[in-house]
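Remarks on the structure that follows.
Number of protein chains: 2
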Amino acid sequence: MIIDCHGHYTTAPPALEQWRKRQIAGLADRSVAPRVSDLKIGDDELRASIADHQLRKMDERGIDRTIFSPRASFMAHHVGDFATSSAWAGICNELCYRVTKLFPDRFVGAAMLPQSPGVDPATCIAELERCVESYGFVAINLNPDPSGGHWNAPPLTDRFWYPIYEKMVEHRIPAMIHVSTSCNPSFHTTGAHYLNADTTAFMQCLTSDLFQDFPALKFVIPHGGGAVPYHWGRFRGLAQELKKPPLKRHLLNNIFFDTCVYHQPGIDLLAKVIPVHNILFASEMIGAVRGIDPETGHAFDDTKRYIDASPSLTSDDRRNIYEGNARRVYPRLDAALAAR
Amino acid sequence: MIIDCHGHYTTAPPALEQWRKRQIAGLADRSVAPRVSDLKIGDDELRASIADHQLRKMDERGIDRTIFSPRASFMAHHVGDFATSSAWAGICNELCYRVTKLFPDRFVGAAMLPQSPGVDPATCIAELERCVESYGFVAINLNPDPSGGHWNAPPLTDRFWYPIYEKMVEHRIPAMIHVSTSCNPSFHTTGAHYLNADTTAFMQCLTSDLFQDFPALKFVIPHGGGAVPYHWGRFRGLAQELKKPPLKRHLLNNIFFDTCVYHQPGIDLLAKVIPVHNILFASEMIGAVRGIDPETGHAFDDTKRYIDASPSLTSDDRRNIYEGNARRVYPRLDAALAAR
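Sequence order for the protein chains is V and D. So the first sequence is residues 1 to 340, counted in the working numbering. So the second sequence is residues 341 to 680, counted in the working numbering.
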């Protein structure tokens, strides 16, 4: 079985974006604010938005299941306040849930949280539990920078975030550490902010003892871990200077990297440097980079090709990257698969 | 000849740091502010601080010359105002100049600029020209985030920075794009902020047409280009989506990557993905990662070993990485070497 642990609903029907625009307009003028019930998207529309896009590509590429969450760049936690994020997360999560019900053999949900800058993350727990308990979601996306590029939240290792971690451990769900749209003109969203956040999150964990407080906590760092595997020697050396244990013992029981690296040499490096046990297959397809690579004739985000071609991997390694590791990191996914 | 294009004076005599501490104390209480003339460091002290450290390692590793600039993390442009940065840059640059006079066959200078958050970069031109004209410096370090991790300056592609670029082109000096200490608790200075800045700067250039305005402008992106080479497919794909020319034509006449990547697989990826023409040897020795790699028994920052061992490089490639490319990117260095 091939499990893609990083899919977003980037192809939702246009009514969703229209509702969001009205919600944002409503922040300035309450009279135009929409109700949640104003959004009407039928099952046929939902089905078509998936069947013609994610599902078609999954079939073409041989991907069996995708862990599916709301579009990352649309989370935009910097917009409005907690009530804004709460209504928006509720809508986006429900749509993903409906996709998982329409295609129960192919999609399993991961939740967007209603984060808001400066707001206690404990306010997200109701939505988190609703998604896990009512929707059967198996993970969350956690945004380390709800400000959208101003980076004024406490580091992920601060007790500020502990209420979320307690619930993650209780419900046995990992978090993908994923920022959203940058509203800082310094940072291009998908070309800088996403990768920077991956590197930043890893280094925050490296300097801390977070996983001593939460030995069962699991973070998936997307986009191949940002700059981390390429600079693995730097990080090993920094850990040594900071008198931390070797990275394998210090972080690799808790941190996993996905394979959203869009060329063969990048995947080859990832597979060589990071223990196979810590690599989870993912493509983030129909995401940041949707084109065809003129050097290969294949889609940049068709990451399965790179893994299949990576010379340092055995067939056992590939089984772990494609399935085994995900079933271990996402125990609720494993349970759902076993139950089917 | 082997030229290390990325060295900082990290081993300056302690009197320098003591002066800086007094300068910072003087921001709150003018009565304790030091004068520039209060700093007294003799030639013997300077000589020892180099001979026992950088120079010894250069000899051990077979490095002939280092492009030498003030300590990056000490620049701390976020401290005080323009007058603060101006006095501090003047002192730091003069010390580097004295090092180049004491060891004229081994060190050539690169200038720290007296940047300050929110201040017009044109204010840096006097120091830039002093360093080039009086000190024979061959490059500058340009900090894209003088705030130290708040990223509130305009992107490098904004006309805000053009006065610096005009002077760089006029004097035929490249800039290493190098941030300083992070005062944002989200970002570890050498483990996150430095690498993020490298990625950010590259992506700023990618989204712009800066090098159409300045075809002769040259940027060196340190630390192996941050996350860029590892994600080269992502950047090629983003350029394609943004309707930019292929990266080689769009950016690689103007952007160069150093080799401060502290393990063999990272250097192997860099050498495979980035054209050899765009790779400059560097180690940033006695910098962020000073320890011995227990996996190899050699210093993490002994990057020459990785380049010597990298299987995709020919001896011609190595000559270019070690010498030829630096002489082309730093024409004033080339002229100085030819004159000796």
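Backbone N, C-alpha and C define an ideal beta-carbon position, used for all residues, glycine too.
Asked                                                                                                                                                       : Found
How long is the line joining the alpha carbons of V:I3 and V:R290, rounded to whole angstroms?                                                              : 20 Å
I want to see whether chain V comes within less than 7 Å of D:H681, judged by CB atoms only; does it?                                                       : It is not possible to answer for residue 681 of chain D, since the shown part of chain D is limited to 341 through 680.
Compare the Cα-Cα distances from V:C260 to each of V:L280, V:N253 and V:L242 and report the closest residue.                                                : V:L280
If we ignore side chains and look at the alpha-carbon of each, how far apart do D:H348 and V:V329 end up?                                                   : 43 Å
Considering only their Cβ atoms, is the gap separating V:C183 from V:H77 smaller than 7 Å?                                                                  : no
Taking the runs of the beta strand (DSSP E) that are 3 residues or longer, which of them lie wholly in the segment 256-300 of chain V?                      : none
My understanding is that V:A110 touches V:I63, with C-beta atoms under 8 Å, so please give their C-beta distance in whole angstroms.                        : About 16 Å; that fails the 8 Å criterion.
Can you tell me whether V:D198 is buried or exposed, with buried defined as 16 or more other CB within 10 angstroms of its CB?                              : buried
Considering only residues of the same chain and omitting the five flanking positions on each side of V:P121, which have a CB-CB separation below 8 Å?       : L113, Q115, F160, W161, P163 and I164
Buried or exposed for D:Q580, please, with buried defined as at least 16 other CB atoms from any protein chain shown within 10 angstroms of its CB.         : buried
What residue from V:R71, V:I292 and V:K101 has the CA that sits closest to V:D43's CA?                                                                      : V:K101
Nearest to V:F187 by alpha carbon, out of D:W491, D:Y534 and D:P555?                                                                                        : D:W491
Can you pull the chain D neighbours of V:L280, defined as C-beta to C-beta under 8 Å?                                                                       : Correct list: empty, because the minimum Cβ distance to chain D is about 17 Å.
Is it a yes or a no for the segment 225-244 of chain V touching the segment 269-277 of chain V, going by three-plus beta-carbon pairs under 8 Å?            : yes
Assuming D:H617 and D:N660 make a contact with CB atoms under 8 Å, what is their CB distance in whole Å?                                                    : 7 Å
May I have the straight-line CA-CA distance separating V:R71 from V:T10, to the nearest angstrom?                                                           : 5 Å
Please say whether V:F103 and V:V169 have beta carbons closer to each other than 7 Å?                                                                       : no
For V:F219, which three-state DSSP category applies?                                                                                                        : strand
Measure the Cβ-Cβ separation of V:G226 and V:L195 and say whether it is below 7 Å.                                                                          : yes
On the premise that V:P117 lies in contact with V:S147, defined as a C-beta separation below 8 Å, what is that separation, rounded to the nearest angstrom? : 5 Å
Note down, in chain order, each residue of its chain lying with its Cβ closer than 6 Å to the Cβ of V:R47, except the 5 sequence neighbours on either side. : L102
Taking just the CA atoms, how far does V:F219 sit from V:G191?                                                                                              : 22 Å
When you compare each of D:L367, D:E385, D:M415 and D:G430 to D:S377 by their alpha carbons, which one comes out closest?                                   : D:G430
Strictly below 9 Å CB to CB, what residues from chain D border V:W161?                                                                                      : None at all; the shortest Cβ gap to chain D is about 12 Å.
Residues of chain V with CB under 7 Å from D:K612, in chain order?                                                                                          : P265
Which of the three DSSP states, helix, strand or coil, is assigned to D:V478?                                                                               : coil
If you measure from the beta carbon of D:W572 to each beta carbon in chain V, is any gap under 7 Å?                                                         : yes
Quick check: what's the CA-CA separation for D:N433 versus D:A466?                                                                                          : 13 Å
Under 7 Å, Cβ to Cβ, is there at least one residue of chain D near V:A227?                                                                                  : yes
Can you confirm whether D:T529, when its beta carbon is compared against all beta carbons of chain V, has any partner nearer than 7 Å?                      : no
Going by DSSP, name the residue or residues bridged to D:P410.                                                                                              : D:Y349
Name the chain D residues that come within less than 7 Å of V:P155, Cβ to Cβ?                                                                               : P525 and S526
Residues of the segment 445-457 of chain D with a CB closer than 8 Å to any CB of chain V: list them in chain order, please.                                : none
Just the Cα atoms here: how many angstroms apart are V:T189 and V:T181?                                                                                     : 5 Å
D:L482 CB to nearest chain V CB: under 7 Å?                                                                                                                 : no
For the putative contact between D:I595 and D:I561, defined by C-beta atoms under 8 Å, what is the C-beta separation to the nearest angstrom?               : 6 Å
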